[in-house]
Amino acid sequence: MKAKVVSDLFEKALVQMGINDKYDFVFETPKNPEHGDLSTNIAMRLAKPMKKKPADIAQEIIDQIKGKSDLIEDLTIAGPGFINIKLSPKVYANAIKELYKKGENICRQDFGNKLKVNVEYVSVNPTGLLHLGHGRNACLGDTIANLYEWTGHDVTREYYFNNAGNQMNNLAQSVYARYMQKIEGEDFPFPENGYHGEYIKEIAEEVHQQHGEALKENTPENINLMRKAGEEWSFKRIKATLARMSINQDVFYNEDSLYKEGKIKNLLALFEEKGLSYKKDDATWLRFSEMGLSDDRVIVKSTGEPTYRLPDIAYHREKFERGFELLIDVFGADHIATIPDVMAAVKYLGYDTERVRPIIHQFVTLMENGEQVKMSKRTGKSYTLDDLLDEVGSDVVRFFLLMRSFNTHLEFDLDLAREQSEKNPVFYLQYANARISSVIENAIEAGAKLDDENAKFELLTHPSELNLINEAMNVDRIIKSATQKCEPQVLADYLRALASEFHKFYHDCRIIGVDADLQTARLALVRTIKHIIKNSLTILGLSSPERM
RNA sequence: GGUCCCGUAGCUCAGGUGGAUAGAGCACAAGUUUCCUAAACUUGGUGCCGCAGGUUCGAAUCCUGCCGGGAUCACCA
């Protein structure tokens, strides 16, 4: 935003100097405020092609620009050849006015051009409850979807699940065993690789309540009932847990429909037709070795069942066929190995892999008193996402899961999360919003009028005001960057910086009761800040309480 | 062994396309409120940026090799 103000001037200056080629140079905000509001490395970039000293080039540029714009107060040469630019306060006044006009639309952008985006996340099979890692996946996916929505994309939130196959059999047999143990005692054998979670007992209990002892025989029909019961029980709770974090997906895509609708068959036929698959040892193999990967892999087992790769590939193809132009897949680090296979196959099928964006997030560990927590103290069972939501609430869970870059291992500090005080970073943000609400309320009571597009923003000259405006000016860049990087952490970090500038401003500058014009300008400023904070919190999926 | 992620302050982590004196939160210490919410603000300091080379005016950032931690490498999903 700031750079826009000066870049034209610089480009004109270069033309004046007879430099018409494009060179790579940047404007940036110096870390050290003594270096001005903006600085550019242009002179250093030109030193080599022009065969002159950076300082001399810088001086030439400065001579060209100086005095030509009332937006620039001063230009100086510093360090190895930087040009430091001191902007006139007018730049900030213009900027905050522009932001103020956006009102509640302030975090919205439209660079998405209605691109059809599919964000797939959570996607756990209905065999149990959600845990912390799933929580990270869910919050990431949901927030990425929010970001894309706010930037003008046409977003579909999707959940892909599989309620067939080995794991579901396993679930069914586990429920059956618990059911039988209930009737015949603890000696009834439990399947070796069964699901040991306590929740299986709950499911068995429900089955028992509903059917009594009628399902004692290990028949396919009865096992199928167990499976259904387990699936429904799990899905109900998964959805409920997600809803507690305000996560509601649009499409629940069942892997099974790929079979029912012949998508798997079609794909197999296509692979065969293209000579990409072959039979060996009764299995069907895909020639990944011809797609740039090292080894061929089985896609249909000798038993006739496909491996996970086949439906995964078919599913991606299906998403493209449904018209999506960008596929974002949110996976945990344990899925890392499947991605190259899918990508290679998708590419070979003629789709643009640039349009597939796998987001692999690292694991989460829950820490308490410096030690890893695996079991819930209260229940003695393994720690679920619901347990965490019970303890600290959705806002804290979401923020903690989002405040770190997805590709670093995340330590969830339970002690800090439990802290209902200023130590908790979530409250720091929400408090800024609540403070502004309160000020606005008081201002209205005192008879201040709020809707003033003609507010005299040029009166905002206190360093704390300028710093706050300066931070607010970054909002578009941040939202865009967070979206393109699929990195909510960028926004979370920005929000903290913005809240910090706000709190400093609040401390230094009174709003109500100062000179009328200044009061109007400051009210307009804090309302703008409030919109940014509130919208950012919304994008992150957090609430913005008006009072705290 | 191959592939991916990570290694930055006591701890947890940031570090837009390479830039000037590497930052924040927490923890620790001291202070600020007759005045719009003190869940706030102010002050205090610590870094072989894992190691070693390379690229260049300039590297925490890019390249190569190594070391350490995590994940993953099925006719399991």
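Each residue of the first sequence is one higher than the one before, counting from 566 in the numbering used here. For every residue, glycine included, the Cβ atom is placed at its ideal position computed from N, Cα and C.
Taking the runs of the beta strand (DSSP E) that are 3 residues or longer, which of them lie wholly in the stretch 852 to 891? 862 to 865
According to the neighbour-count rule (16 or more other Cβ atoms, all chains shown, within 10 Å of its Cβ), is phenylalanine 676 buried or exposed? exposed
Helix, strand or coil: which one does DSSP assign to serine 653? coil
When you compare only the Cα positions, how much space is there between valine 816 and glutamate 723? 5 Å
Glutamate 782 - DSSP class collapsed to helix/strand/coil: coil
For phenylalanine 575, which residues does DSSP report across the bridge? Answer by DSSP bridge pairing: none, since phenylalanine 575 is not bridged.
Grab me the residues of valine 962's own chain with a C-beta within less than 8 Å of its C-beta, minus the 5 sequence neighbours each way, in chain order. Gly700, Cys704, Met810, Leu950, Leu953, Leu954, Ala982
Between isoleucine 924 and phenylalanine 896, is the Cβ-Cβ spacing less than 8 Å? yes
State the start and end residues of the unbroken alpha helix (DSSP H) segment that holds phenylalanine 964. 950 to 967
Report the CB separation of serine 799 from threonine 944 in whole angstroms; it is logged as a contact under 8 Å. So it is not a contact: roughly 18 Å between Cβ atoms.
The stretch 1001 to 1019 touching the stretch 968 to 976, judged by at least three CB pairs closer than 8 Å: no
Can valine 911 and arginine 882 be called in contact, C-beta distance under 8 Å? yes
Counting C-beta neighbours from all protein chains within 10 Å, is the total for leucine 1015 16 or more, i.e. buried, or is it exposed? exposed
Excluding sequence positions up to five away, which residues of its chain have a Cβ less than 7 Å from the Cβ of cysteine 672? Trp715, Val1040, Ile1044, Ile1097, Asn1100, Ser1101, Ile1104
Counting along the chain, where does the alpha helix (DSSP H) carrying arginine 1042 start and finish? 1040 to 1050
Restricting to Cα atoms, I'd like to know which of Arg610, Val687, Asp586 is closest to threonine 806. Val687
Taking Cβ positions, are glutamate 837 and asparagine 728 nearer each other than 8 Å? no
Quick one: what's threonine 605 bridged to in DSSP? Phe592, Ile648
Contact between the stretch 567 to 582 and the stretch 623 to 631 is defined here as three or more beta-carbon pairs at a separation below 8 Å; is this criterion met? yes
Would you decide whether isoleucine 622 is buried or exposed? Buried here means 16 or more other CB atoms lie within 10 Å of its CB. buried
Pull up the DSSP beta-bridge partners for histidine 926, would you. Gly897
Find the nearest neighbour of aspartate 846 within the set Ser859, Val865, Leu833, Gly857, judged by alpha-carbon distance. Val865
Whole angstroms are fine: how far does the CA of serine 739 sit from the CA of phenylalanine 853? 36 Å
Excluding the 5 residues preceding and the 5 following alanine 909 in the sequence, name in chain order all residues of the same chain whose CB lies nearer than 7 Å to its CB. Phe853, Met856, Gly857, Leu858
Once DSSP output is grouped into helix, strand and coil, what is the label at glutamine 746? helix
Continuous alpha helix (DSSP H) stretch holding glutamate 838: start and end: 828 to 838
Output the residue ranges of the beta strand (DSSP E) runs that lie fully inside the stretch 974 to 1056 and measure 3 residues or longer, sorted by chain position. 975 to 978
Does the contact criterion of 3 or more C-beta pairs under 8 Å hold for the stretch 820 to 833 versus the stretch 772 to 785? no
Buried versus exposed, by CB contacts within 10 Å (16 or more), lysine 567: buried
Quick one: what's got a C-beta closer than 6 Å to histidine 718's C-beta in the same chain, skipping five residues either side? Gly677, Leu680, Val682
Whole-Å CB distance - arginine 1092 paired with isoleucine 1034, under 8 Å assumed: Arginine 1092 to isoleucine 1034, Cβ: 13 Å. No contact.
Thinking arginine 792 and alanine 742 are a contact (beta carbons under 8 Å), I'd like their distance in whole angstroms, please. Not really, about 13 Å apart at Cβ, beyond 8 Å.
Alpha helix (DSSP H) containing serine 688: first to last residue? Counting along the chain, serine 688 falls outside any alpha helix (DSSP H), and DSSP gives it neither H nor E.
Cα-Cα, which of Glu1010, Lys655, Met745 is closest to glutamine 774? Met745
DSSP three-state assignment for serine 1108, whether helix, strand or coil: coil
Coil, strand or helix - methionine 932 by DSSP: strand
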